[in-house]
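Contents: one structure, followed by commentary.
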Amino acid sequence: MTGFPLFPEPASTIANGVDRLFLVMIGISGFFAVLIFGLILYFAVRYRRRGDRPRTPPAPSRALGLEALWSLGPLALLMGIFVLGATVYFDDSQVPPGAMDIYVVGKQWMWKIQHPEGRREINELHIPVGRPVELILASEDVIHSFFVPAFRVKHDVVPGRFQSLWFEATETGEYHLFCAEYCGTGHSRMIGRVVVMEPNDFQRWLESGDPPDEAADAIDASFDPSEAAEFVADDTPSAVEGERLFADFECRGCHVEEDRGPDLAGRFGRTVTLESGATARFDEAYFRRALLDPGGELVAGYSPSMPTYQGELTEWQILRLMSYVEGMTPSRVYETQ
Ligand code: CUA
1341 MTGFPLFPEP ASTIANGVDR LFLVMIGISG FFAVLIFGLI LYFAVRYRRR GDRPRTPPAP
1401 SRALGLEALW SLGPLALLMG IFVLGATVYF DDSQVPPGAM DIYVVGKQWM WKIQHPEGRR
1461 EINELHIPVG RPVELILASE DVIHSFFVPA FRVKHDVVPG RFQSLWFEAT ETGEYHLFCA
1521 EYCGTGHSRM IGRVVVMEPN DFQRWLESGD PPDEAADAID ASFDPSEAAE FVADDTPSAV
1581 EGERLFADFE CRGCHVEEDR GPDLAGRFGR TVTLESGATA RFDEAYFRRA LLDPGGELVA
1641 GYSPSMPTYQ GELTEWQILR LMSYVEGMTP SRVYETQ
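Start counting the sequence shown at 1341; every next residue gets the next number (the working numbering).
Given below as structure tokens:
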């Protein structure tokens, strides 16, 4: 156990940076609070009114050295905080290449989680130690917030969009998982645990599943055990379900068999040129927008013939379609952009 005694144990690669920033800011604020209140008290006593004696002569109107000190000193201090904060922010917002994707959907009142390989969990997240993990976050209803204090990560989960959050656990163990946004009567039950495992144990877990009683306990403790049990019962890999949806919703006709829509294979993660001349990165957020508002960011060279799937697809269906499209292998070679 390391780290500052009042904080939860730091268990991710960014945790120590966040703690350092926080302690520096507390230190600076504390120093100035003591300085200012100390001087107020001292001056109140030192310069208190003593009878009707004439006051001391006024101080000189300019003291360049002093003015420079109180202007440049705070400037340097604030720039220091900015650099420290920006460093943590960039570390926290840039997903390292090769991160493992996991889908997380908040619903009143539980966290539903699916690993692309198929395994699903309720209010529990199993991950390997020492490997970057990217969560693709979505909500089926209201705003939730995914919060793991030991990792120092918290991200709002806003309905109507996909968001991403990444971390890399540095210590095996179990950590608290919270919903940190009041989301209705069952909000306080939207809690769980993150289990960080050795890579081999994780691989075994992924293939064989939790010790069944542990998973069953989490389901029993969840807000709606029957819905939770139904969710985890199916462990079809997300891309396999996505492929089925891709056929059912007739995406295949235009995007694979004919050339009415762009070939999606190998496109994920690249930059696409739009009809408007602008470019967009083909990422999770773009994929979702392209399904729900196909004309909004039309790929250059195609007519706006695709219907919207607004209201037709659940968040889970969109995630699984995405999982399939992400893994489609290119049948043609694209110019690298
Ligand atoms: Cu979900 Cu609070």
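Idealized CB from N, CA, C, for every residue including glycine. Source: prediction; values computed, not measured.
Discussion item. Under DSSP, the alpha helix (DSSP H) around Leu1406 begins and ends at which residues?
Written reply: The residue labelled residue 1406 in the question sits at position 66 within the sequence shown. Where Leu1406 is concerned, the enclosing alpha helix (DSSP H) stretches over Leu1404 to Ser1433.
Worksheet entry | Paired residues, beta bridge with Thr1611 - DSSP | Sequence index remark: in the sequence shown, residue 1611 carries index 271 (1-based). DSSP, once it has assigned bridges, lists Arg1621 as partnering Thr1611.
Discussion item. Give me the residue from Cys1594, Gln1543 and Ala1426 with the minimum Cα distance to Phe1643.
Written reply: Taking the first residue of the sequence shown as 1, we reach residue 1643 at position 303. Strictly speaking, residue 1643 in this sequence is Ser, with Phe absent from that position. The option with the nearest alpha carbon to Ser1643 is Cys1594.
Worksheet item: Going by DSSP, what residues sit across from Ala1506 in a beta bridge?
Response: Reading the sequence shown from its first residue, position 166 is the one you call residue 1506. One point to set straight first is that residue 1506 is Trp, not Ala, in the sequence displayed. In the DSSP output, where bridge partners are listed per residue, Trp1506 has Glu1474.
Practice prompt. Would you check whether the ligand CUA has a heavy atom nearer than 7 Å to the C-beta of His1527?
Written response: Along the sequence shown, one-based indexing puts residue 1527 at 187. Indeed, a heavy atom of the ligand CUA lies less than 7 Å from the Cβ.
Worksheet item: How is the beta strand (DSSP E) around Val1572 delimited, first residue to last?
Response: Residue mapping note: residue 1572 aligns to position 232 of the sequence shown, counting from 1. Unbroken run through Val1572 is the alpha helix (DSSP H), Pro1565 to Ala1573; no beta strand (DSSP E).
Worksheet item: Exposed or buried, what is Pro1468 when buried is set at 16 or more other beta-carbons lying within 10 Å of its beta-carbon?
Response: Taking the sequence shown and counting its residues from 1, one reaches residue 1468 at position 128. Buried.
Discussion item. Need the endpoints of the alpha helix (DSSP H) that Glu1666 sits in, please.
Written reply: What you label residue 1666 is simply residue 326 of the sequence shown in a count that begins at 1. Segment Glu1655 to Gly1667, the alpha helix (DSSP H) holding Glu1666.
Worksheet item: In this structure, does DSSP put Ser1548 in helix, strand or coil?
Response: As a position in the sequence shown, residue 1548 is number 208, starting the count at 1. Helix, per DSSP.
Fill in: Straight-line Cα distance separating Asp1599 from Thr1619
Stepping through the sequence shown from its first residue, residue 1619 is reached at position 279. Stepping through the sequence shown from its first residue, residue 1599 is reached at position 259. Distance between the alpha carbons of Thr1619 and Asp1599: 21 Å.
Discussion item. With H, G and I counted as helix, E and B as strand and the rest as coil, what does DSSP make of Glu1480?
Written reply: Counting from one through the sequence shown, the residue named residue 1480 turns up at place 140. Note: Glu1480 maps to coil in three-state DSSP.
Worksheet entry | Three-state class that DSSP yields for Leu1517 in the structure shown | Reading the sequence shown from its first residue, position 177 is the one you call residue 1517. Residue state, collapsed to three classes: strand.
Item to complete: Determine the DSSP secondary structure at Met1365, reduced to helix, strand or coil.
Response: Here residue 1365 refers to the residue found at position 25 of the sequence shown. In the structure shown, Met1365 sits in a helix (DSSP, three-state: H, G or I).
Worksheet item: Nearest-angstrom Cα distance between Asp1541 and Asn1356?
Response: Position 201 of the sequence shown holds residue 1541. Position 16 of the sequence shown holds residue 1356. Approximately 26 Å, taken between the alpha carbons.
Discussion item. Measuring straight from C-alpha to C-alpha, what distance separates Leu1614 and Ala1556?
Written reply: On the sequence shown, position 274 is the one that residue 1614 refers to. On the sequence shown, position 216 is the one that residue 1556 refers to. So the two alpha carbons sit approximately 48 Å from each other.
Worksheet item: Measuring CA to CA, which of His1527, Arg1360 and Tyr1382 is closest to Val1428?
Response: As a working note, residue 1428 is residue 88 in the sequence shown. Ranking the options by Cα distance to Val1428, first place goes to Arg1360.
Item to complete: For Met1537, write down the residues that DSSP places opposite it in a beta bridge.
Response: Start at 1 with the first residue of the sequence shown, and residue 1537 comes out as number 197. Partner(s): Pro1468.
Item to complete: Determine the extent of the alpha helix (DSSP H) in which Gly1582 is found, giving its start and end residues.
Response: As a working note, residue 1582 is residue 242 in the sequence shown. Looking at the DSSP string, the run of the alpha helix (DSSP H) that includes Gly1582 is Ser1578 to Asp1588.
Worksheet item: Once you ignore the five residues that flank Ala1373 on each side, which residues in its own chain have a CB closer than 8 Å to its CB?
Response: The residue given as residue 1373 occupies position 33 in the sequence shown. Closer than 8 Å at the Cβ level, and outside the excluded window around Ala1373, lies no residue.
Fill in: Cβ pair count under 8 Å reaching 3, the stretch 1428-1440 against the stretch 1468-1485
yes
Discussion item. Can you look up His1455 in the DSSP assignment and give me helix, strand or coil?
Written reply: Here residue 1455 refers to the residue found at position 115 of the sequence shown. Three-state DSSP puts His1455 in coil, outside helix and strand.
Worksheet item: With 16 as the cutoff for other CB atoms within 10 Å, does Ser1578 come out buried or exposed?
Response: Within the sequence shown, numbered from 1, the residue matching residue 1578 stands at position 238. By the neighbour-count rule (16 or more Cβ atoms within 10 Å), Ser1578 is buried.
Worksheet item: Roughly how far, in whole angstroms, is the beta-carbon of Phe1486 from the beta-carbon of Val1444, given that I think they are within contact range, below 8 Å?
Response: Here residue 1486 refers to the residue found at position 146 of the sequence shown. Here residue 1444 refers to the residue found at position 104 of the sequence shown. Sure, about 6 Å apart at Cβ, within 8 Å.
Worksheet item: For Trp1410, is the classification buried or exposed, using 16 other Cβ atoms within 10 angstroms of its Cβ as the cut-off for buried?
Response: Residue 1410 sits at position 70 when you count from the first residue of the sequence shown. The residue in question, Trp1410, is exposed, as its Cβ has fewer than 16 Cβ neighbours within 10 Å.
Worksheet item: Glu1349 by DSSP, collapsed to three states: which one?
Response: Taking the sequence shown and counting its residues from 1, the one referred to as residue 1349 is at position 9. Note: Glu1349 maps to coil in three-state DSSP.
Worksheet entry | C-beta contact flag for Pro1499 and Val1488 at 8 Å | Looking up residue 1499 in the sequence shown gives position 159. Looking up residue 1488 in the sequence shown gives position 148. Contact: no.
Item to complete: In the DSSP assignment, find the beta strand (DSSP E) that holds Asp1441 and state where it starts and stops.
Response: As a working mapping, residue 1441 is identified with position 101 in the sequence shown. Per DSSP, Asp1441 belongs to the beta strand (DSSP E) from Met1440 to Lys1447.
Fill in: Straight-line Cα distance separating Ala1568 from Arg1533
Taking the first residue of the sequence shown as position 1, residue 1533 is located at position 193. Taking the first residue of the sequence shown as position 1, residue 1568 is located at position 228. Distance between the alpha carbons of Arg1533 and Ala1568 is about 16 Å.
Practice prompt. Indicate whether Arg1529 and Phe1563 have their beta-carbon atoms separated by less than 8 Å.
Written response: The residue given as residue 1529 occupies position 189 in the sequence shown. The residue given as residue 1563 occupies position 223 in the sequence shown. In contact: Arg1529 and Phe1563 (Cβ atoms closer than 8 Å).
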